[in-house]
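Only one structure is covered here, and it is reproduced in the block below.
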Amino acid sequence: MDKLTPMQHHVTKENGTEPPYQNEYWDNTKEGIYVDIISGEPLFSSKDQYDAGCGWPSFTKTIKEEEVIEKEDTTLGMRRVEVRSKTADSHLGHVFPDGPKETGGDRYCINSAALRFIEVDELEKEGYVDYVKLFK
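Residues 186 to 321 in my numbering are what the sequence shown lists, from first letter to last.
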């Protein structure tokens with residue numbers, strides 16, 4: 186992405202957090218994939234998205250495991266696991282162990298400002314043909 190909005194810059198480059206329920210994808214129900222807003226690397230699928238009731242997009246797993254890095258985060262007096270994209274080194278959000286048990290128990294709580302959503306019908310045109318099979 187050539188130009189980030191102030192919120193996208195704050196989240197991805199300054200480790201910020203956007204407001205809950207006031208972000209683009211917290212209640213998205215369309216099918217497709219989410220890519221890093223900076224690098225375009227695939228990160229998450231709508232197939233693994235669920236409503237965690239937290240006000241941010243939440244996922245049970247990544248679709249390109251090697252692209253998501255987990256780091257200990259002790260800011261704000263808390264112990265959390267930060268999630269960053271490998272290629273762009275973008276702050277994405279955090280992963281928590283309170284997700285659905287039947288899918289492994291992880292909840293990737295991700296800032297919409299760190300993501301770009303590509304609908305399933307646009308995947309091939311946008312160069313993500315390998316991910317079309319997730320929706321067949």
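Glycine included, C-beta positions come from ideal geometry on N, C-alpha and C.
For Glu226, there is no enclosing beta strand (DSSP E), as DSSP marks it with neither H nor E. If you look at Lys198, you'll find it in the alpha helix (DSSP H) that goes 191-199. Counting the other CB atoms within 10 Å of its CB gives Asn200 a total below 16, which places it among the exposed residues.
For Arg269, the enclosing beta strand (DSSP E) starts and ends at 265-270. Between Lys198 and Phe320, the C-beta gap is not smaller than 9 angstroms, which leaves the two residues out of contact.
Excluding residues up to 5 positions away in sequence, Val305, Leu308, Glu309 lie with their Cβ nearer than 8 angstroms to the Cβ of Val317 in the same chain.
Glu203 carries a coil assignment under DSSP once its states are collapsed to helix, strand and coil. In the DSSP assignment, Glu304 falls within the unbroken beta strand (DSSP E) covering 300-304. Taking Arg265 as the centre and dropping the five residues before and after it, the same chain places the C-beta of Asp258, His279 closer than 6 angstroms to its C-beta, in chain order. Contact between the segment 267-277 and the segment 222-232 is present: 3 or more CB-CB pairs across the two stretches fall below 8 angstroms. By the neighbour-count definition (other C-beta atoms within 10 Å, threshold 16), Asp236 is an exposed residue. Between Pro285 and Thr245, the CB-CB gap stays under 9 angstroms.
Partner residues in a beta bridge of Ser275, as assigned by DSSP, do not exist.
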